[in-house]
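**Q** Please see the structure below; I have some questions.
Numbering (the working numbering), first residue to last: 2 to 163.
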């Protein structure tokens, strides 16, 4: 079942990337998807039933909207700090913790933090800790830091990936 899921996902991705329904494009996409499925299926460890759950797709759309909101908000914040004459920043590397278990969920979280202006994921440890470079540390309390940086993405990503 996981082979079929991977194959279908790769064909759909091919069609979206080429944006063509020409017979030649479809044949090339099917052949490439088949070859990739043969060689890479052992690396695809996710349960195939998770992919087809419509509730997970709904939460992924909620995540995308949530991410765009925080990304735009952070862009304005960083622009304010750059344009302000006093340059009001307090940069630091902080340690936060995530309760996400899967590698995919942790990767999405780390990338979400990195893609949000003003923060950068420096390292992910096996125990769920992340080291984050934050351009303007607003609190020294680790619990509040975790709430500000991690929780806004973590709760939704848990519903998508776990």
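In this text, a Cβ means the ideal position worked out from N, Cα and C, and glycines have one as well.
#1: Using only the alpha-carbon positions, how far apart do residue 44 and residue 103 sit?
#2: Using three-state DSSP, classify residue 120 as helix, strand or coil.
#3: What separation, rounded to the nearest whole angstrom, lies between the Cα atoms of residue 10 and residue 141?
#4: What is the DSSP secondary structure of residue 23, counted as helix, strand or coil?
#5: If I'm right that residue 163 touches residue 62 with Cβ under 8 Å, what's the distance once you round it to whole angstroms?
#6: Count the other CB atoms within 10 Å of the CB of residue 95; is the residue buried (16 or more) or exposed (fewer)?
#7: Going by the beta-carbon positions, is the gap between residue 42 and residue 7 smaller than 8 Å?
#8: So, at 7 Å on beta carbons, what are the nonlocal neighbours of residue 146 in its own chain, with the 5 sequence-adjacent residues on each side left out?
**A** Considering the structure as presented:
#1: Walking along the chain shown from the start, residue 44 turns up at place 43. Walking along the chain shown from the start, residue 103 turns up at place 102. Cα to Cα, residue 44 sits roughly 14 Å from residue 103.
#2: Taking the first residue of the chain shown as position 1, residue 120 is located at position 119. If DSSP states are grouped into helix, strand and coil, residue 120 belongs with the strands.
#3: Residue numbering aside, residue 10 sits at position 9 when the chain shown is read from its first letter. Residue numbering aside, residue 141 sits at position 140 when the chain shown is read from its first letter. Taking the straight line from one Cα to the other gives about 44 Å.
#4: Here residue 23 corresponds to residue number 22 of the chain shown, with the count starting at 1. DSSP places residue 23 in coil when its eight states are reduced to three.
#5: Here residue 163 refers to the residue found at position 162 of the chain shown. Here residue 62 refers to the residue found at position 61 of the chain shown. Not really, about 17 Å apart at Cβ, beyond 8 Å.
#6: Here residue 95 refers to the residue found at position 94 when the chain shown is read from its first residue. By the neighbour-count rule (16 or more Cβ atoms within 10 Å), residue 95 is buried.
#7: As a working note, residue 42 is residue 41 in the chain shown. As a working note, residue 7 is residue 6 in the chain shown. Contact: yes.
#8: For the purposes of this step, residue 146 is taken as the residue at position 145 of the chain shown. Once the five neighbours on either side are set aside, the close Cβ partners of residue 146 are 95, 97 and 140.
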